[in-house]
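Remarks on the structure that follows.
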Amino acid sequence: MFFQQKFRLLTTLIGLIFLTLLFNVYNLQTSDREASLVSVNKQTLDTFYIPSPRGEIFDANNNKLVSSSLEPHLFLNLRKINANNRSQYEQYIQYNFVDLGEDLIDEIFESEDLLVRIVNIQDLNFDNRQSLISLEAFEIFDFPVRKYEYNNIASHIVGYLGEPSFEDAKDFPLSINPNIVGKSGLERYYQDDLAGQPTEIIFKDDEIAQIIKGTPGKDIFTSLDIKLQTIATESLLQGIELANEKYETKNKVQKGAIVVLDIRTNEVISLVSLPDYNPNNFVDGISQTDFNKLNISGAFINYPIQGQYPPGSVFKVVAYWLAEQENIFPEGLSSRNQRINCKGSLSFGFDDGSQQVYNDWKEDGHGNVDLGSSIKQSCNVYFWDIALKIWRDYEGTTAESILQQYAKNLGFGTATNIDLPYEANGVVPDRELFENWAISQPERVRPEGWLGGDLMNLIIGQGAITSTPIQVANAYRTLISGNLSYPYINKNRESQSEESIGVTEDFVNFLLKDLNSVTNEGGTAHASFSILGNKVKDVGGKTGTAQNSGDKNNTSWFVGVDSVSNPRYIIATVVEEGGSGSAIAAPVTRRVIQSLREMEITPVKFGEITE
Amino acid sequence: MRERKITLLGPEGTNLTLLVIFLVLNFISWLTLFTLSDGLSLDLNNSLFRQIVFTLLSVILFFAITYISMDQINLYTFPFFGLITILLIFIFTTDPKEGVRRWYDLGVIDFQPSEYIKIALVLFISKCFVENYNKVYIGIFSLFSISLVFFQPDLGTTTLLIVITLSMFLVSDIRIRSIIFLLLLGGIFFFIFLEFGLINQYQLNRVTNFFETVDFAQSQSRLAISSGGITGQFFEVDKINQIFIPVQSTDFIFSAFAYQFGFLGVLLLFGLWIFFFYRVARIILTTNSEFEKFVLAGFSASLIFQIFINISTVIGVIPVTGMPFPLLSLGGSSIIATAVIFGIINRIFIENNVVI
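As structure tokens, this is what we get:
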């Protein structure tokens, strides 16, 4: 039963409450208004931001590569510091925290921030902390501490942190408030995911009025194998050391890169760049001299994705694919099995009547070679013949750039779009590019423009072509898997498009067989791989020795595949000024393959000198 | 009820006053959100655009509900109440967000069953009263679903649900001393929870701390309301930054409204709501259906006390409870739930032949 009487009573009561609230609001908006406007004008509200713990970074086996933890820090509320109490606080800090130098203490008091972080007080006991905050200008807040668990290992992948520069602020506006940003590596590429929302500390005049807790950043799960990364770094260091021992060159060898890609998924398993740095040194700021030293040594360059080198003979695989696909073989040949006789040099004439002689790296020549054995022995003459064939058949037509087109289909000339910042594009030269350069950088090209000799240079990976180690690794991966895609480190990176390049299974089998011959008897890398014993029959690769202009020693290249019967990983190694690919890069790669295939790991030994 | 033609806008006789009030209140919300956001952009992350989308959805829902007759609503009351209660139970299996379990994550939007228990509880109690079930059992059932909300924890909604239940009991034929008994029972439960540590210390602190310190957000929101004056600052966006109010677009939106549109704006807002409640009260007194009387009384209690609690919080006379202002605060769940209430009320108006 509904009781009308009680309902009427209740309605009256509600009406009264309504009126009371309305009256309250009316009072606020009329009689209190003047006073409120004055206090609004007088009050200054400012916000200080404390970064939230950044997301942590893990490798494929759930090893923590980068960790974050909240630790209590002592802060000074500068709004409460005045001429009277300043010296008292200065003395207190000097006395209690002797590690802080006088300069640093001056800096604290000269800061224009609301709060200044003084020191980590994780190790202070409760009583000491209490006595600190009994002083009214001291505050204790949790501040995130970033730790790079493996120090220098994988430093270029994870990157390092710093205060945002003007440019950083443009790229990551949200990093301005917490005043911290990823300067390189994953820390930069995934800055917005990793950073989270900073905690806001709101000041009303000199008092902290409210604290709005932020949210921590998202973790990143990578495809890296930190164990392999460690072994690969060691191997590269050994290779560099070996090169310094063996060669008497003007420049000290110190730069190199290794890329390990999973052929099936294109996950990056390892990415080594030397020289490296310890990201932990940047956490509390690094001195300008230390920074400059690292900068001059080239430690901030991520060579696997930023080092642009002529690829040398590892590039021959492009012409290898083209020859099979387009049936373009040296003049007079029509299949991969027919041979030419390599006499160690090639002399030929062009339509304009000029006569030229090109010398192979092996003066006596390679004898009778077909497509496969010219990969095995890295015979230049065979590939020059292919270039001549292209030039003579297609010069001046759109088809003259067919080699470049094949190179671009494998990803040369554009960044691979790996999830790391500052990746370089490399260069695949053609007539058009030379014409552009003739205007923009005339010192780089001859006045005649693009000539047959340029194509002959290009086919063996020399001349104007440059590529990054990851481009080369990705190109081999693309040929073996049949799909062009981008390499990635973050396992949760948004799904990617795979582009089929249309290779047949037969072709892949031939390619693997020929790569396998390189590491076997008679191949250019046999000396470096013979230590594998019987197992050498299942690995493969391609050596490369790229010439540099000036008095720089050659760039040492090797691209390896862990198994030809069941290819899973592509390994690309570069040692800048490391000389012959067979001598340095090949044994370095061999050591990485030993780790990948869980064989006994033997030291890097100098191989045979070839090109 | 006489037969009505079905038109594009629901059955003939949709109550225009109700619809206009609903739309004007939503429009006021857009204006206020406009002063708080960086303008309008066609992006669901833009709060104003999101609110407009939800308003449009809620208008559709309003008309859709008009098709359901009160007899059908009466019929589906128990299954509906049961369903929401089950959803409230299973919410304890979800991952807590910022320490509370309140939402089912449905991708684009979050589903918040405690918004719908407000409706389900009103229908449930009304039906039980009409069917003349034992009042003690009704009280126990209600208390059970309320305690589910309490343990989410959601103190604001719990208070509201208790108020709804009490006011519905008050207008029934129950004796006053039974209500006192019910209150005592609730009190005993509270202390049992307290004794066994089932009450969050955080919830208690919220109540007890209030008497020691004035909440910063509340003192700021008082300043904002006060600065509005009689006529308001009218779309002023620079100086309001000097006043800091957290969650200003949701729980504290009344302060932004009063700042921009002043006491005249407040009068308009109150006027619209009072007119709405006046129309509802008239139906309560004239309708012949007991079920409709209780449903209307329950819904009114729900809306009125949401408004009371919200304004009292914003002007600082009670502790911060986190209660949105119906149809003014930003938030999809709240608009949708309020649209359901308006839809049912509209149906009752139609069935009582009140069309203007």
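Note that the protein sequences, when read in sequence, are chains A and B.
All residue numbers for the first sequence refer to our numbering, where the first residue is 582 and numbers rise by one.
All residue numbers for the second sequence refer to our numbering, where the first residue is 26 and numbers rise by one.
For each residue, glycine too, the CB sits at the ideal point set by N, CA and C.
For residue i, name the three-state secondary structure that DSSP assigns.
| i | result |
| --- | --- |
| A:R769 | helix |
| A:K833 | coil |
| A:N1017 | helix |
| B:C153 | helix |
| A:H654 | strand |
| A:N709 | helix |
| A:G946 | coil |
| A:I983 | helix |
| B:W128 | coil |
| A:I598 | helix |
| A:A1106 | coil |
| A:V1185 | coil |
| A:R727 | strand |
| A:K1133 | coil |
| A:D684 | helix |
| A:A735 | coil |
| A:L1096 | helix |
| A:S617 | helix |
| A:G1034 | helix |
Under the assumption that residue i contacts residue j (Cβ atoms under 8 Å), give the Cβ distance between them as a whole number of angstroms.
| i | j | result |
| --- | --- | --- |
| A:P1010 | A:L1039 | 7 Å |
| A:S736 | A:P860 | 5 Å |
| B:K143 | B:I189 | 7 Å |
| A:P1002 | A:D966 | Their Cβ separation, rounded to whole angstroms, is 42 Å, which puts A:P1002 and A:D966 out of contact at 8 Å. |
| A:A813 | A:V853 | 5 Å |
| A:L834 | A:L742 | Checking the sequence shown, residue 834 of chain A turns out to be Val, not Leu. So it is not a contact: roughly 30 Å between Cβ atoms. |
| B:I250 | A:V606 | 6 Å |
| A:P892 | A:S878 | Wrong, their Cβ atoms sit about 24 Å apart, outside the cutoff. |
| B:T363 | B:L352 | 6 Å |
Residue i versus chain B: which residues are under 7 Å apart at the beta carbon?
| i | result |
| --- | --- |
| A:N607 | The sequence as given places Tyr at residue 607 of chain A; Asn does not occur at that position. Chain B residues near A:Y607: F288. |
| A:L618 | S252 |
| A:V621 | L248, S252, Q267, I268 |
Beta-carbon separation of residue i and residue j under 8 Å?
| i | j | result |
| --- | --- | --- |
| A:A1193 | A:N1006 | Residue numbering for chain A in the displayed model covers 582 to 1192; residue 1193 of chain A lies beyond these limits and cannot be assessed. |
| B:S325 | B:V305 | yes |
| A:V726 | A:L767 | no |
| A:Y1057 | A:I1151 | yes |
| A:L626 | A:I783 | yes |
| A:W1138 | A:V1155 | yes |
| B:V345 | B:Q273 | no |
| A:V1084 | A:G1114 | no |
| A:A641 | A:L775 | no |
| A:I702 | A:P653 | yes |
| A:R1025 | A:F1110 | no |
| A:F929 | A:Q937 | yes |
| A:P1148 | A:I1041 | no |
| A:G1162 | A:G1125 | yes |
| B:Y284 | B:Q245 | no |
| B:G341 | B:G181 | no |
| B:W298 | B:I255 | no |
Given that residue i touches chain B, what residues does it touch there, using C-beta distances under 8 Å?
| i | result |
| --- | --- |
| A:D773 | Within 8 Å Cβ-Cβ: nothing; A:D773 doesn't reach chain B, min ~14 Å. |
| A:Q791 | F241, A242, F269, P271 |
| A:K587 | L195, V196 |
List the residues of chain A that residue i touches, going by C-beta distances under 9 Å, in chain order.
| i | result |
| --- | --- |
| B:V291 | L603, V606, Y607, Q610 |
| B:L310 | Q585, F588, R589 |
| B:F333 | I595, I598, F599, L602 |
Can you name the residues of chain A whose CB is closer than 7 Å to the CB of residue i?
| i | result |
| --- | --- |
| B:A306 | T592 |
| B:I329 | I595 |
Residue i versus chain A: which residues are under 8 Å apart at the beta carbon?
| i | result |
| --- | --- |
| B:S337 | L602 |
Check: Listed from N- to C-terminal order along the chain, which residues in the region 188 to 202 of chain B have their beta-carbon within a distance smaller than 8 Å of any beta-carbon of chain A?
Finding: Of all residues in the region 188 to 202 of chain B, the ones placed with a Cβ closer than 8 Å to any Cβ belonging to chain A are S192, L195, V196, S197, D198, in chain order.
Notebook entry, point to check: What residues in the region 313 to 329 of chain B have a beta carbon less than 9 Å from any beta carbon of chain A?
Noted result: Against chain A - using a Cβ distance shorter than 9 Å - the residues of the region 313 to 329 of chain B are E315, K318, F319, A322, S325, A326, I329.
Item checked: Where the region 895 to 920 of chain A meets chain B: residues whose CB sits under 9 Å from a CB there -> For the region 895 to 920 of chain A, the set of residues with a beta-carbon nearer than 9 Å to any beta-carbon of chain B is empty.
Item checked: Within 7 Å of chain A by C-beta, residues of the region 141 to 167 of chain B in sequence order -> Result list empty, no residue passes.
Next item on the list: Report the residues of the region 687 to 712 of chain A with a CB closer than 7 Å to any CB of chain B, ordered along the chain.
Entry: The region 687 to 712 of chain A vs chain B, Cβ under 7 Å: nothing.
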